[in-house]
Amino acid sequence: MNHDRRGFTLVEVLLAVVILVLITTTFARFSTEFTKGMTGSSIRVVSAGVAQDRLELVRADPRYTRLATLYASGSGADTTGFSGFPRMRRITTIVRDQSGSPARDRTTVTVRVIDPGLKDTVAVTAVIASP
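Terminal number for the sequence shown in the working numbering: 181, no gaps in between.
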């Protein structure tokens, strides 16, 4: 008998399918982790920008003696929701220090940004001296 062996055997087809499934699931896991990492990075960049914008606004304000009243009390101190990030929260804390010998007048401004998509809080701090 002369057997014509054209085509693939069932074992060869199953082996090819198993290899294809392994490659596909590995790629799917990699792409999922990559996407999560990119999303976390973009949220962190936006959070840092939101914090830095607020800090620069406070630093540029010439009303030094009223900074805490203007930026760290009322609705402006704790803001929730930013364009594209409705659950992002920004908290501004301002502490004025007039102690020391010789007398000093400096203000510490801390802006913290919290988002459920971040593992930790983004915080930016600056010390502003009296003009």
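All C-beta atoms, glycine included, are put in the ideal place defined by N, C-alpha and C.
Classification of residue i by the beta-carbon crowding that lies within 10 angstroms, buried from 16 upward
i	result
Arg154	exposed
Ile93	buried
Tyr121	buried
Ala78	exposed
Arg104	buried
Ala66	exposed
Val183	The chain is shown only over 51 to 181; residue 183 falls outside these bounds and no answer can be derived.
Val96	buried
Residue i: first and last residue of the uninterrupted alpha helix (DSSP H) it sits in
i	result
Thr119	117–121
Cβ-Cβ distance between residue i and residue j below 9 Å
i	j	result
Thr141	Thr158	At residue 141 the sequence reads Ile, which differs from the Thr that was named. Taking 9 Å as the Cβ cut-off, Ile141 and Thr158 do not qualify as a contacting pair.
Pro136	Thr130	yes
Arg162	Ala98	no
Same chain only: Cβ atoms within 6 Å of residue i, ignoring 5 sequence neighbours per side
i	result
Met138	Phe132, Asp165
Thr204	The displayed coordinates of the chain run from 51 to 181. Any statement about residue 204 would go beyond what the structure contains.
Gln148	Asp155
Thr175	Thr160
Span of the beta strand (DSSP E), counted from its first residue to its last, around residue i
i	result
Phe132	128–132
Pro136	135–147
Ala176	172–179
Thr157	156–164
Cβ shell of residue i (< 7 Å), same chain only, five flanking positions each side left out
i	result
Leu117	Val108, Asp111, Ile144, Thr157
Arg146	Ala118, Thr157
Own chain residues within Cβ distance below 8 Å of residue i, not counting five before or after
i	result
Gly126	Leu120, Thr142
Tyr114	Thr157, Ile178, Ser180, Pro181
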